[in-house]
Amino acid sequence: MGAYDHFGSASDVFDNDTDIATVYITGQFQIDAHWSLDVNGSFTNSKAKFDPIEVTVPEETVGKADYDFSGINEYSDLEFKQLEVGGTLTKMLSEKASAYIGLNYFDLTDDAPYVYGDVSGSVLYTRAGFQVRL
Numbered sequence: 053m054g055a056y057d058h059f060g061s062a063s064d065v066f067d068n069d070t071d072i073a074t075v076y077i078t079g080q081f082q083i084d085a086h087w088s089l090d091v092n093g094s095f096t097n098s099k100a101k102f103d104p105i106e107v108t109v110p111e112e113t114v115g116k117a118d119y120d121f122s123g124i125n126e127y128s129d130l131e132f133k134q135l136e137v138g139g140t141l142t143k144m145l146s147e148k149a150s151a152y153i154g155l156n157y158f159d160l161t162d163d164a165p166y167v168y169g170d171v172s173g174s175v176l177y178t179r180a181g182f183q184v185r186l
């Protein structure tokens, strides 16, 4: 059968641990009768991993076991930090109309690049527009 011979079966029980912590803050400020400012931000720190696979069945019970499970547990390791901050400045033009401009920034830091590669990156985007309330 060659290099991929395998007889019998083997199993193991393992735990998957996930830790996520998020802090979120938001604020709304009425500068005067016509101007308002909304700001927000969040920070997330996430980690996930599962235990190494350590088959505890005696070798003679399995027969010939030629699988190597030594690195499989690292496939699901996740560790990243995510920062999001933004704000919107609004000018009331009338009771039913306003104009706004906004800015948002997102940053992701991948501290455990493996299966999907390093997905770290940042994006900054702006938006502007008019709102009319009917």
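Quick note: the sequence shown uses this note's numbering, first residue 53, plus one each step. Glycine included, C-beta positions come from ideal geometry on N, C-alpha and C. What you are looking at is a predicted structure, and each value in this text was computed from that prediction instead of being measured.
message: Using a 10 Å radius around the Cβ and a threshold of 16 neighbouring Cβ atoms, would you call Met53 buried or exposed?
response: Reliability of the predicted coordinates at Met53 is poor, the pLDDT of 46 falling under 50, and no value is obtained from them.
- prompt: Under the three-state reduction of DSSP, which class applies to Ser98: helix, strand or coil?
  reply: strand
message: Using DSSP's beta-bridge definition, name the partner residues of Ile153.
response: DSSP lists Leu141 and Ala180 as the bridge partner or partners of Ile153.
field: Residues that Val171 bridges to, as DSSP identifies them
entry: None, per the DSSP bridge assignment.
task: Return the chain-ordered list of same chain residues with a C-beta closer than 7 Å to the C-beta of Leu155, the five sequence neighbours on each side being excluded.
output: Cβ-Cβ distances below 7 Å link Leu155 to Gly138, Gly139 and Thr178 in the same chain, with the five nearest sequence neighbours on each side left out; the list follows chain order.
Asn125: first and last residue of the uninterrupted beta strand (DSSP E) it sits in: Segment: none, Asn125 is in no beta strand (DSSP E) and carries neither H nor E.
Neighbourhood of Leu135 by C-beta distance below 6 Å, restricted to the same chain and skipping five residues each side: Phe95 and Asp159
- prompt: Which residues in the same chain as Ser172 place their Cβ atom closer than 7 Å to its Cβ, once the five residues preceding and following it in sequence are excluded?
  reply: Leu160, Thr161 and Asp162
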